[in-house]
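Visitor: Before I ask anything, let me first share the structure, which is written out below as structure tokens.
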Amino acid sequence: MKTFAKKIARLIIISLILSVLPMPENHPGVGFPEIMTPAFADAEETISFSDVPKSAWYYDDLLFIMKDNRKIFEGYPDGTFRPHEPLTVDMFIKLIITIMGYNLQNGEEYWATTYIKKAIDEGLIIPGRILI
14 MKTFAKKIAR LIIISLILSV LPMPENHPGV GFPEIMTPAF ADAEETISFS
64 DVPKSAWYYD DLLFIMKDNR KIFEGYPDGT FRPHEPLTVD MFIKLIITIM
114 GYNLQNGEEY WATTYIKKAI DEGLIIPGRI LI
């Protein structure tokens, strides 16, 4: 089961990366077909991030992800999403661990510590090795 969850997590991460790549503002974006509408589709139909306009090409995709009860993306405490800032390695690790179904709290000394430790436990990170 863990192998299956890892494969699904990898597929979702690839999909997420492809869905947030920079595109021209006039690009219609990539929508999800109606058949893929999740069971949580009756959730709030707006995004409250102050820096994500409804006209953003990725708005519908982000809305889809925000409806997921695993809270894959939560944004920043100041109410922003910061869509034009790079995704850090620690953020990426949190995304993978969250998509795998783990519901962890942020670390006390450094917010990503718990996610990094879980990624090590799952064999996604091997201390001392650089995986490319």
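Take the position in the sequence shown, starting the count at 1, then add 13; the result is the number in this note's numbering.
Where a beta carbon is used, it is the ideal one built from N, C-alpha and C, also for glycine.
The model shown is predicted, which means the values in this text are computed figures rather than measured ones.
1. Considering only residues of the same chain and omitting the five flanking positions on each side of THR93, which have a CB-CB separation below 7 Å?
2. Whole angstroms are fine: how far does the CA of LEU100 sit from the CA of ASN60?
3. Roughly how many angstroms lie between the CA atoms of ASP134 and ASP91, to the nearest whole one?
4. Rounded to whole angstroms, what is the Cα-Cα separation between PHE77 and LEU117?
5. Is the CB-CB distance between ILE109 and LEU137 below 8 Å?
6. Should LYS84 go down as buried or exposed, given a rule of 16 or more other Cβ atoms within 10 Å for buried?
Guide: Working from what's here:
1. Numbered from 1 along the sequence shown, position 80 holds the residue referred to as residue 93. Correct list, in chain order: PHE62, SER63 and ASP64.
2. Taking the sequence shown and counting its residues from 1, one reaches residue 60 at position 47. Taking the sequence shown and counting its residues from 1, one reaches residue 100 at position 87. One detail in the question is off: residue 60 reads as Ile in this sequence, not Asn. Rounded to the nearest whole angstrom, the CA to CA distance from ILE60 to LEU100 is 19 Å.
3. In the sequence shown, residue 134 corresponds to position 121, counting from 1. In the sequence shown, residue 91 corresponds to position 78, counting from 1. Straight-line Cα distance between these residues: approximately 32 Å.
4. The residue labelled residue 77 in the question sits at position 64 within the sequence shown. The residue labelled residue 117 in the question sits at position 104 within the sequence shown. Counting only the Cα atoms, LEU117 lies some 22 Å from PHE77.
5. Within the sequence shown, numbered from 1, the residue matching residue 109 stands at position 96. Within the sequence shown, numbered from 1, the residue matching residue 137 stands at position 124. Result yes, Cβ atoms of ILE109 and LEU137 sit closer than 8 Å.
6. Locating residue 84 in the sequence shown gives position 71, where the first residue counts as 1. Counting Cβ neighbours within 10 Å, LYS84 comes out exposed, since fewer than 16 surround it.
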